[in-house]
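Chains as they are written, first to last, in our numbering: chain B, 38 to 255; chain R, 91 to 306; chain C, 11 to 349; chain F, 7 to 450; chain U, 529 to 815; chain D, 18 to 209. Where a beta carbon is used, it is the ideal one built from N, C-alpha and C, also for glycine. Note that the structure is predicted; figures quoted are calculated from it, not measured. The block underneath contains the structure these notes are about, expressed in structure tokens.
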Ligand SMILES: Cc1cc2nc3c(=O)[nH]c(=O)nc-3n(C[C@H](O)[C@H](O)[C@H](O)COP(=O)(O)O)c2cc1C
Ligand SMILES: Cc1cc2nc3c(=O)[nH]c(=O)nc-3n(C[C@H](O)[C@H](O)[C@H](O)COP(=O)(O)O)c2cc1C
Ligand SMILES: Cc1cc2nc3c(=O)[nH]c(=O)nc-3n(C[C@H](O)[C@H](O)[C@H](O)COP(=O)(O)O)c2cc1C
Ligand SMILES: Cc1cc2nc3c(=O)[nH]c(=O)nc-3n(C[C@H](O)[C@H](O)[C@H](O)CO)c2cc1C
Ligand code: SF4
Ligand code: SF4
Ligand code: SF4
Ligand code: SF4
Ligand code: FES
């Protein structure tokens, strides 16, 4: 810092070392504080997250009392609680007697405004969907948000055949077992939900069939 | 000593009205618009900002003699980011629902120009007492702005205030208020309203002084 | 001193003017809209008339209140507030609660015109700003369509029209899907004759294609509008939808359906042509028009709304300053090479 | 001839009502002499002339009274025989005062002018230019640019073609028309003189088709073998602007900021060519000109041959005076002329018409805001964006305006004519130009 | 609890890493620029008016640092500011002589005759181009206020008589009005020079009086009454030459028949109400 | 609908950072006065956003797996330092480029659009390619909004907007109308 003669920075010009030391020290301190805060709040947060997830799974799979996280890797499903990036995971739900009831499958896709994330329950024995829960969406209040606020719409998914393919149909039109009533005024969001589920089905149903071996059993 | 008290008082008051960070200085617009779709969110955001601003102002002004000029901005950012991260975790642990609603905008407090601006313009040059007073005032001003916007948007957009229905179930909500355009428009119109009030006041004062001088 | 003569007046040349005035232009547009307006009333009855009146009242009242006291009459007498109110009204559903129509008129003038400094200065079409505001504010009411009542039931007003201010409307009877709604959500086409004559549900003024074209013709003859804009919009929209139609005639509507359905004619002839908000330069007008045509079909076919005319026009309005800037005509004698 | 079938024209422009009926068939009439003449020294573009007479001096008709003050300047000759009464500041049409030579006519003089032809076949280029300057000839098409300056062709340039401007696109005016009809032979002689001395090969007379008799007569008088053509032009304003004329007839554009001679052409008004003929054939300098007096405020519209320096008041008096309630008197045509503040101003070399109107012409009942209808764009023959220019001028963003080529505006007024909002576009542009010129002068 | 170690380590590492990189980069990549330019610019008024003859305050600051200009050449800055700049750069602030804009015309609506009526764009320059805007005097003020709009300092307002009054406290002598006026009526005159001719017509005698009640009719009395050489008649107008010795005194104005020459203690035109009646009487007596 | 294309269109039009997410409002309101400046700021923003996408992907994959709680602070530090470093390099290597784009860099660094981009990309678990496409779409969308706004504002300068409205209030209302117009893109490519 020899050129300080005409740079007019003020009194003593601290050397680079001091700057580096200050920053490193600040980093050190802040890291410490953050980690303290993190460690203190972590149990509450993880517990809450787990609870939310569990509630969602239990909701889409009625009668379920416990669950497991399954990861699809190397063409097989394995139980795995370690969340990793790029995981393709679903949840299996068991009733009080420990019997496998079905799977809770997450899905995501574009909605009217932004990506919709949802979770739905699937019962392989009946090839039926047993419930649907929207995890995240930015649909228009009063219209698109009916996909989770309108009980009638959510009820559509309580027992819905997946064959041949789910369709959203305008109210009052004849329906098949795999058709749902679209929300009036929010056809697009309704169709988006349906499409997300269909796509997830296309991905997961073959995998589940192929993997419905003993390892899925507890 | 009394005079000193007055000063402190002034530092606090100016942030709320005369130098209001939003209405006058037009700072911190992003969180201002993004999270004010309901009054509760606005309140939470305001509180979080309040904590971060006051905390970092306190810290910055106490450390101001030790921080070299060249790295002051980096240091402020680290300090602010630390406070924000702590706030983020705390909110997530205490009020997870609201935390989810505010989403990415809690971390974004770090880059709220108002906060960094106060450190640079005030906290780094003034005593801890003044800095904290100033931060309290600014934060209160910010909170005030957030709340006014949030209130308007929630009342019109949902017919509610803090979640309580105001006009009964038959009220037709003004959906736009909750949508992005409503944010822009409401803030624009609020600003317009405030400058109108200010102008009217000025005109009145002018008239008064004119009348006085005529009376003399 | 010398005996006084009458004082001469001094005026800058040129001392001659052609005799068209802006006020006259606005009156022409009102006149051109008359047939389509009457058809709307014929089809939708008294309720529609009230909706029109309320939106006009909202517009004119706002103009009146927020104009400087000394220029109020002058401002109202240029007919633009009336025209904006009328055009807005024509793009509203006939069963819209009246109080919403009034708010729409106020928003159209307030947000669409006054804050910009009044007539001639706004960059977005005021009527469409009003409509966009209404659509975003009251999406359900704005997309609930009542079937045509026909002249026999002229005096029947739907209950929703009379909803109390700020309160939700109760819809009586069946709602009817518009031709575009049917197309988009049920892949169901409507007969062309119904579209041309206006015998469908939809906005008050948009249904009757024939009368809209008639008014457009009148405006063209009076040289009140830039023919490039309707030509460009209708042409590009027809071309785009023809291409899609050829690719998949079952999924996509044909070009004639595209032109005669929804608000395309009303928009292309009376709204995109608003001189204030469209480009000045001839080349700019083409770009503007083709942009609208493409956006309309894009939104109608791939977008979330059955109809995109309003958004297409507003988006191109936003681009108009840029278009104007980059399409300045070549000045005489500039950039040429003489051998 | 092919050109018989074609009507030549340019793009854009406007169609004001022609209003030439009142005077189109009236022969040119000589105006009698009056008592006092005022000869301002700056009747031409460029430097003012320098007086060469003293107050009290006796002058003959046609005698030199002022010599050129510079190269871009020209001579003045006494329009009458009489006495110099003053050299003084007098009111000038532009609204300012100008130094003028005031001459009192000798009421007993016969005012005869001795005719004498001059040789024009043996002149060198420079001599020719000097002759024209001596004759005091300026462009009579309105700009009053000294003609000799136009004829002094710089090294390296070469004139191929002479264009005679008989378009007369301004409404009301019929002076060029009458000159073509009444003096075709003199006009053709003038063309011959100019062709010879400029070294040009051919000439075209451009005439709007609303003067079929002029076209017909000129064609009849052109001798076989003369390299002169008559081009019928669409009736459209501003057909007479020289760049438009060239575009119409030859389809070529004069480069912006350039001159016709960049394309090897010289454009001259009919009156200017006749003045050349007058000088060489009769030895008559520019001391009188043809003026159309018309408009709904004149009792007796006429085409007059008026000595320069005659006050407007006298000219109008000769036409039986003004009607009751005249509110506006204009020098020149209604599209580009200037309204005058006082009738004491004199007829100048560049005055083609005197129009008096009863009700103000350009006042639209009200001015609206610009609705960007684009009519001004479609009117502007120079393809400018008048709306933008006017808006910029209103906002006083003068520095932005050169970006929109403000300096290429010739102030033809087509834009203002066509604006339905009644915006004084040209006036705004003129104001901005004036301010820009002044600022440019200031910046060192 | 490994985080307790990991986090501070990562943070300190990142801080270390980047501060080293930046410090090194700073060392080798820094482009040096004289910081005094910026500091000077901060001190300047920042109105970018160009009165200093530079395109803006930044350019002026550059020139100041180079030493080619003096701080006082900024006519907008207050004395304190100029001193501060001079202190900062350690240069001589330069001479300061307060100047204000003065109007060389006093022919308002009540004094100058109107010969025609101008209708059109309300702007002096525009009116001047239409046969002089209808005012009989083609040198005088048109009273449409171009100067007032041009003044960025709100120093010019048209008075009821249609003449621009300069607020001498607000005027910074930036010269914008000089440039704006199409009749070139404003001059920037030192406040200390109090003898001032409020007329621009080169006409004389009755010709001048036919235009305006307060025209200078070039009678030459002021020149006769002033100190030798102080006032000279040039083109029918008195020209005051302060460098010509002799003291400038109000005496020169006493015998002026029209009041065209004035002794200005403060702003122009303020005393006109009362003074005019006297002059008007006088005018009546003369004719 | 191709995933990457949807990410791009969504960031560009449907969920435009400025008009729908309210990110980057300070430069949007502050630097939209002149068209050419706005355009250059836009380009600089696209550039910084791409850098940000790279940095955040790097941090997410190699650093934050060990300490997720440091996400925010490390983003800030790393992005700011990288941009500052690049700024110095540009200034040294190409003064012309620096004059055109570089002067905006410090302005952008402490801007919520940048940090927002990093956080959104992380929250949504974007990989490198997705992150880059997202960054490009968001940057282009920001530029689009900025340029439209600048064009409008240059035009508004010539109008007589009431003095009371002029300034921020006017700009916000214009932004509101623009945002309303952009609502037309909602549901694009998700309806079919
Ligand atoms: C402001 C606004 C927001 C909207 N939001 C949604 C939405 O979130 N989800 C949706 O499916 N439709 C939404 N729509 C409606 C769609 O544009 C479309 O009209 C609707 O899906 C058609 O449904 P319908 O055929 O049942 O009338 C919205 C419309 C407007 C005007
Ligand atoms: C000029 C004009 C523009 C319109 N623009 C739109 C638009 O952008 N979006 C829209 O949903 N409806 C718009 N409408 C209304 C539609 O034409 C009408 O709603 C259409 O018939 C589709 O109805 P649906 O939304 O119920 O299917 C416009 C109407 C007119 C007259
Ligand atoms: C808008 C405009 C219109 C003009 N109209 C005529 C016209 O009708 N007749 C004419 O002789 N010159 C007209 N002129 C002048 C010509 O451009 C050109 O200067 C003239 O013909 C040259 O001849 P001169 O020098 O002999 O006058 C017009 C000029 C302008 C700018
Ligand atoms: C051909 C034509 C079309 C017009 N279209 C509209 C329109 O769509 N909406 C509107 O508010 N005003 C319209 N106007 C009226 C006027 O231009 C408008 O109110 C201005 O935008 C107000 O500044 C139109 C005027 C004309 C001449
Ligand atoms: S003709 Fe008049 S109203 Fe039309 S664009 Fe030109 S200036 Fe504006
Ligand atoms: S006056 Fe100028 S801008 Fe207007 S039409 Fe003529 S050349 Fe074009
Ligand atoms: S001083 Fe000049 S600019 Fe000012 S009003 Fe008079 S004429 Fe106009
Ligand atoms: S414009 Fe004239 S009056 Fe205003 S500050 Fe400048 S010099 Fe003074
Ligand atoms: S308002 Fe249109 S050009 Fe002046």
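Who pairs with residue i in a beta bridge, going by DSSP?
{"i": "residue 566(U)", "result": "In DSSP, residue 566(U) forms no bridge with anything."}
{"i": "residue 115(B)", "result": "108(B)"}
{"i": "residue 250(R)", "result": "255(R)"}
{"i": "residue 56(F)", "result": "73(F)"}
{"i": "residue 791(U)", "result": "723(U)"}
{"i": "residue 337(F)", "result": "344(F), 360(F)"}
{"i": "residue 768(U)", "result": "759(U)"}
Ligand 5 and residue i: does the residue's C-beta get closer than 6 Å to at least one heavy atom of that ligand?
{"i": "residue 239(C)", "result": "no"}
{"i": "residue 378(F)", "result": "yes"}
Check for me: the beta strand (DSSP E) holding residue i runs from which residue to which?
{"i": "residue 627(U)", "result": "627 to 631"}
{"i": "residue 165(B)", "result": "165 to 173"}
Whose Cβ in chain B lies nearer than 8 Å to the Cβ of residue i?
{"i": "residue 542(U)", "result": "64"}
{"i": "residue 196(C)", "result": "207"}
Is residue i close to ligand 7? I mean its beta-carbon at under 6 Å from any heavy atom of the ligand.
{"i": "residue 711(U)", "result": "yes"}
{"i": "residue 675(U)", "result": "yes"}
Closer than 6 Å to a non-hydrogen atom of ligand 1 - does that hold for the CB of residue i?
{"i": "residue 390(F)", "result": "no"}
{"i": "residue 597(U)", "result": "no"}
{"i": "residue 3(C)", "result": "Past the boundaries of the shown model lies residue 3(C); chain C is included only from 11 to 349, so the question cannot be answered."}
Could you tell me which chain D residues have their CB closer than 8 Å to the CB of residue i, listed as they occur along the chain?
{"i": "residue 213(R)", "result": "Those within 8 Å of residue 213(R) in chain D number zero; the least Cβ separation is about 17 Å."}
The alpha helix (DSSP H) with residue i in it runs from where to where?
{"i": "residue 55(B)", "result": "53 to 97"}
Ligand 4 and residue i: does the residue's C-beta get closer than 6 Å to at least one heavy atom of that ligand?
{"i": "residue 123(C)", "result": "yes"}
Taking Cβ-Cβ distances shorter than 7 Å, what residues in chain U pair up with residue i?
{"i": "residue 68(B)", "result": "535, 536, 538, 539, 540"}
Using a Cβ-based criterion (distance less than 6 Å to any ligand heavy atom), does residue i qualify as near ligand 3?
{"i": "residue 237(F)", "result": "no"}
Taking C-beta pairs closer than 9 Å, name the residues in chain D that residue i reaches, listed in chain order.
{"i": "residue 127(C)", "result": "173, 176, 177, 178, 179, 182"}
For the region 286 to 297 of chain R against the region 170 to 183 of chain C, are there 3 or more C-beta pairs whose distance is under 8 Å? no
I'd like to know if the region 24 to 41 of chain D and the region 140 to 157 of chain D are in contact, where contact means that at least 3 CB-CB pairs between them fall below 8 Å. yes
contact_flag[the region 132 to 143 of chain C, the region 92 to 107 of chain C] where n(CB pairs < 8 Å) is 3 or more: yes
Assess, as a yes-or-no matter, whether the region 77 to 88 of chain C is touched by the region 144 to 152 of chain C under the definition of 3 or more beta carbon pairs within less than 8 Å. no
Touch check for the region 270 to 281 of chain F and the region 50 to 61 of chain F: three-plus C-beta pairs under 8 Å? no
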